[in-house]
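Asks:
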Amino acid sequence: MTRILVRAGKHPATVLSHEQSLATSRLGVFGSNSGNMLFYSAVFRALSVPDAELVANSYVHERPVHLGRYIDRTNEEFDRFVLPMANSYRDTFLPHLERLAKVIEKLTIPVTVVGIGAQLPYGTDFDTLPDEYKRIVTRFTRAVLDRSASIGVRGEYTARMLKYLGFGDEHVRVIGCPSMFGNGPLGPLVRKVDRLSYDSPLAISYTPKVKGVDRLVEANTNRYPNSVIVPQQHHRLALMLWGENPAKVGNKRMPIHTDHPLYENDRMRFFVDTSTWVEFMAEQHFAFGTRIHGNVAAVLAGTPAVVLAHDSRTVELAEYHGIPYRLYADLPPDVDAQQLYQEADFDTFAPRQAPTFETYLRFLEHNDLEHVFQPGKENPAYDKALAAAKFPGPVHTLMASDTVGRRQIMSRLRWLRQGHDGDLARPAYDFEPPFREPRGYKSLEERVTQLEKELKVQQNFLASWRGRVSRVLRMNGTSTGAGR
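To convert, note that position 124 of the sequence shown is 124 in full-length UniProt numbering; the numbers rise steadily by one, no gaps.
1. Taking DSSP as the reference, what is the three-state secondary structure of Ile151?
2. Are Ser312 and Tyr122 close, meaning C-beta to C-beta below 7 angstroms?
3. Buried or exposed for Leu327, please, with buried defined as at least 16 other CB atoms from any protein chain shown within 10 angstroms of its CB.
4. Assuming Phe167 is part of the beta strand (DSSP E), what are its boundary residues?
5. Going by CA-CA distance only, name the one from Met180, His396, Gly9 that's closest to Asp266.
6. Quick one: which unbroken beta strand (DSSP E) runs of 3-plus residues sit fully inside the stretch 317-370? Chain order, please.
7. Going by C-alpha distance, which of Gly294, Ile175, His61 is nearest Glu365?
8. Check whether the Cβ atoms of Val82 and Ile4 lie closer than 7 angstroms to each other.
9. Write down the C-beta distance between Thr359 and His321 rounded to the nearest angstrom, noting that I regard them as a contact closer than 8 angstroms.
10. Roughly how many whole angstroms lie between the Cα atoms of Asn183 and Glu446?
11. Can you have a look at Met475 and say buried or exposed, based on whether 16 or more other CB atoms are within 10 angstroms of its CB?
12. Quick one: is Ala354 buried, meaning 16 or more other Cβ sit within 10 Å of its Cβ, or exposed?
13. Under the rule that 16 or more other beta-carbon atoms within 10 Å means buried, what is Val193, buried or exposed?
14. Can you check DSSP and say which residues form a bridge with Gln408?
15. Would you call Leu202 buried or exposed, if buried means 16 or more other Cβ atoms sit within 10 Å of its Cβ?
16. Could you tell me the distance, in whole angstroms, from the CA atom of Val190 to the CA atom of Val49?
17. Tell me the rounded alpha-carbon separation between Asn367 and Arg215.
18. Mark Val113 as exposed unless 16 or more other C-beta atoms lie within 10 angstroms of its C-beta, in which case mark it buried.
19. Work out the CA separation of Asp91 and Asp259 for me, nearest whole Å.
20. Can you list, in chain order, the residues of its chain whose CB lies under 6 angstroms from that of Tyr89, leaving out five sequence neighbours each side?
21. Looking only at its chain, what residues have a beta carbon closer than 7 angstroms to the beta carbon of Val278, apart from the 5 residues adjacent to it on each side?
22. If you scan the stretch 67-128 from start to end, which runs of the alpha helix (DSSP H) of 4 or more residues do you find wholly inside it?
23. For Gly483, is the classification buried or exposed, using 16 other Cβ atoms within 10 angstroms of its Cβ as the cut-off for buried?
24. Helix or strand or just coil, what does DSSP make of Ile256?
25. On the CB-based measure, 16 or more other CB atoms within 10 Å of its CB, does Lys209 come out buried or exposed?
26. Check the Cβ-Cβ distances between Trp242 and every residue of chain D, and say whether any is below 7 angstroms.
27. Can you grab the Cα-Cα spacing for the pair Pro246 / Gly467, in whole Å?
28. In the DSSP assignment, what are the bridge partners of Ile292?
29. Which residues does DSSP list as the beta-bridge partners of Gln233?
30. Assuming contact is defined by CB atoms lying nearer than 7 angstroms, are Val272 and His18 in contact in what I supplied?
31. With distances taken between CB atoms, is the gap from Ala337 to Tyr325 smaller than 7 angstroms?
32. Looking at the secondary structure, which residues open and close the beta strand (DSSP E) in which Ile4 lies?
33. Rounded to whole angstroms, what is the Cα-Cα separation between Lys390 and Trp415?
34. Is the CB-CB distance between Pro261 and Ile229 below 7 angstroms?
35. Between the stretch 69-79 and the stretch 448-463, can you find at least three pairs of beta-carbon atoms closer than 8 angstroms?
36. What did DSSP end up calling Ala179 once you bin it into helix, strand or coil?
Put into structure tokens, the structure is as follows:
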């Protein structure tokens, strides 16, 4: 049986409570952004052929702890390492990317990167890229290509950037985001209503750092009282679960604190599993906003969506997959959802699905990855296990007043003890992420290093005392000689 290690927080069929989903890691089981679940879940399904075992790596290869041990285990226990990725060519991720590069350089098994992309301000000239950015991106890409036939990137923009850095078309394949291909080519996007109404259910995604997005959210949640916002960052999950506010709220109009009307009126929903997210989006008339995967979740459900693009990654993905988008900078910050819905051309979506899906499959096959879309490789058992899993529904805020919300609060009270440290130590609710070393485990090398540090401290301490004693003895000897 082929064993494949996948860059992911957990196996998609593993059921965790809302509380566990946050407590298992300081960034959440999904790795800081719940959008990650969409693309790693899709890769899991595509590669889960009957004679393969897929294991989530719990993101350990980009963290500094136990790296030597993880590298050894990866080489010894697995036949291949597959990394579903997103906007990982970005400045804030560079330390993690370089750590991954160091890991991959020491691997002796094939490595495949699926769907990596650049995140740069829209229209960035490659000549202006910082040297450190170019160095780390080049190092990572070269390490991957030394162990694979090609690297899969999100769009043409990223491909052009890699070509600028010296990686030609023979090594770089534009495949889009794997989240779009988990169940085969998607169908058309069809308007559910001719026109949005006052009580239309809408889902709004938002990126707090994007200028003007507070006005977008405020205006449209006021216009459409059945609309909700769908946060994706782990900070927002902590806010909704436990009422944890940011240390500083710079803009009180942004729905990132417990005093915000959307929090108080329980008009926020967070998802810790792909299935429940897509099911919820199927109930909406329309989705829009600045988060690419917030809109991908909608189109996976067949719900019309419009991306409000604000950087290179959102533009290239929307263009590649045919998802309608608008440049947010060209619109009024408080643009009406009805205007976006009315002006969108949803007919461009369907024609893109079959060819992009075929391109994706060719990429997998080019890298010797078997997939469930090949004849005889179907795996209905995987889908059956996923369908049988009892995932928790969307997370409500602490101000929820309906039965579902109140039951969630009861669940949190049962869980609550001593905050995050208590969560980690509580065996009754323990979840040991796959492939991660047990908590408290130290490799022999790390223990020896620690003992050497402690020994050096003791040696310095003894040396200090020897010096003091020597000075005292010399002083006493001088005093005795003078007395004679």
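All residues carry an ideal CB built from backbone N, CA and C; glycine is no exception.
Replies: So, from the listed chains and residues:
1. For this step, residue 151 is matched to residue 151 along the sequence shown. Note: Ile151 maps to strand in three-state DSSP.
2. Looking up residue 312 in the sequence shown gives position 312. Looking up residue 122 in the sequence shown gives position 122. Less than 7 angstroms divides the Cβ of Ser312 from the Cβ of Tyr122.
3. Position 327 of the sequence shown, counted from the first residue, corresponds to residue 327. Per the 10 Å Cβ criterion, exposed.
4. The count along the sequence shown starts at 1 and reaches residue 167 at position 167. Premise fails: Phe167 is in no beta strand (DSSP E) and is neither H nor E.
5. Here residue 266 refers to the residue found at position 266 of the sequence shown. Per the Cα distances, His396.
6. 325-327
7. To locate residue 365, count along the sequence shown from 1; it is residue 365. Among Gly294, Ile175, His61, the Cα nearest to that of Glu365 belongs to Ile175.
8. Numbered from its first residue, the sequence shown carries residue 82 at position 82. Numbered from its first residue, the sequence shown carries residue 4 at position 4. Contact: yes.
9. The residue labelled residue 359 in the question sits at position 359 within the sequence shown. The residue labelled residue 321 in the question sits at position 321 within the sequence shown. Not confirmed; about 11 angstroms, so no contact.
10. As a working mapping, residue 183 is identified with position 183 in the sequence shown. As a working mapping, residue 446 is identified with position 446 in the sequence shown. When rounded, the distance between both Cα atoms is 44 angstroms.
11. Taking the sequence shown and counting its residues from 1, one reaches residue 475 at position 475. Exposed, by the Cβ-count rule.
12. For this step, residue 354 is matched to residue 354 along the sequence shown. Exposed: under 16 other Cβ atoms inside 10 Å.
13. Indexing the sequence shown from 1 puts residue 193 at position 193. When all chains shown are included, Val193 counts as exposed.
14. As a position in the sequence shown, residue 408 is number 408, starting the count at 1. DSSP, once it has assigned bridges, lists no residue as partnering Gln408.
15. Numbered from its first residue, the sequence shown carries residue 202 at position 202. With 16 or more Cβ atoms within 10 Å of its Cβ, Leu202 is classed as buried.
16. The residue labelled residue 190 in the question sits at position 190 within the sequence shown. The residue labelled residue 49 in the question sits at position 49 within the sequence shown. Approximately 32 angstroms between the Cα atoms of the pair.
17. Stepping through the sequence shown from its first residue, residue 367 is reached at position 367. Stepping through the sequence shown from its first residue, residue 215 is reached at position 215. Their Cα atoms are separated by approximately 45 angstroms.
18. As a first step, residue 113 must be located in the sequence shown, where it is residue number 113. Burial call: buried.
19. Locating residue 259 in the sequence shown gives position 259, counting from the first residue. Locating residue 91 in the sequence shown gives position 91, counting from the first residue. Each residue's Cα considered, the two are about 32 angstroms apart.
20. Here residue 89 refers to the residue found at position 89 of the sequence shown. Cβ-Cβ distances below 6 angstroms link Tyr89 to Ala118, Val137 in the same chain, with the five nearest sequence neighbours on each side left out; the list follows chain order.
21. To locate residue 278, count along the sequence shown from 1; it is residue 278. Taken in chain order, the residues that qualify are Ala297, Leu300, Ala301.
22. 67-77, 94-105
23. The residue you call residue 483 lines up with position 483 of the sequence shown. Any reading at Gly483 must be qualified, since the residue scores a pLDDT of 46, below 50, and its modelled position is unreliable; the value itself is stated next. So Gly483 ends up on the exposed side.
24. To locate residue 256, count along the sequence shown from 1; it is residue 256. DSSP places Ile256 in coil when its eight states are reduced to three.
25. Looking up residue 209 in the sequence shown gives position 209. Exposed.
26. In the structure shown, chain D cannot be found, because there is only a single protein chain.
27. Translated into positions along the sequence shown, residue 246 becomes position 246. Translated into positions along the sequence shown, residue 467 becomes position 467. In a straight line, the C-alpha of Pro246 is about 51 angstroms away from that of Gly467.
28. One-based indexing of the sequence shown puts residue 292 at position 292. Answer by DSSP bridge pairing: none, since Ile292 is not bridged.
29. Position 233 of the sequence shown, counting from 1, holds the residue named residue 233. Per DSSP, Asn33.
30. Sequence index remark: in the sequence shown, residue 272 carries index 272 (1-based). Sequence index remark: in the sequence shown, residue 18 carries index 18 (1-based). Yes, the Cβ-Cβ distance between Val272 and His18 is below 7 angstroms.
31. In the sequence shown, counting from the first residue as 1, residue 337 sits at position 337. In the sequence shown, counting from the first residue as 1, residue 325 sits at position 325. No. Outside cutoff.
32. Looking up residue 4 in the sequence shown gives position 4. Here the beta strand (DSSP E) through Ile4 covers 2-6.
33. What you label residue 390 is simply residue 390 of the sequence shown in a count that begins at 1. What you label residue 415 is simply residue 415 of the sequence shown in a count that begins at 1. Going by the C-alpha atoms only, they are around 19 angstroms apart.
34. The count along the sequence shown starts at 1 and reaches residue 261 at position 261. The count along the sequence shown starts at 1 and reaches residue 229 at position 229. Not in contact: Pro261 and Ile229 (Cβ atoms no closer than 7 angstroms).
35. As far as the Cβ criterion goes, the stretch 448-463 does not touch the stretch 69-79, which means the pair count is below three.
36. Here the question's residue 179 lines up with position 179 in the sequence shown. The question names Ala, but residue 179 is Ser in the sequence shown. For Ser179, the three-state secondary structure derived from DSSP is helix.
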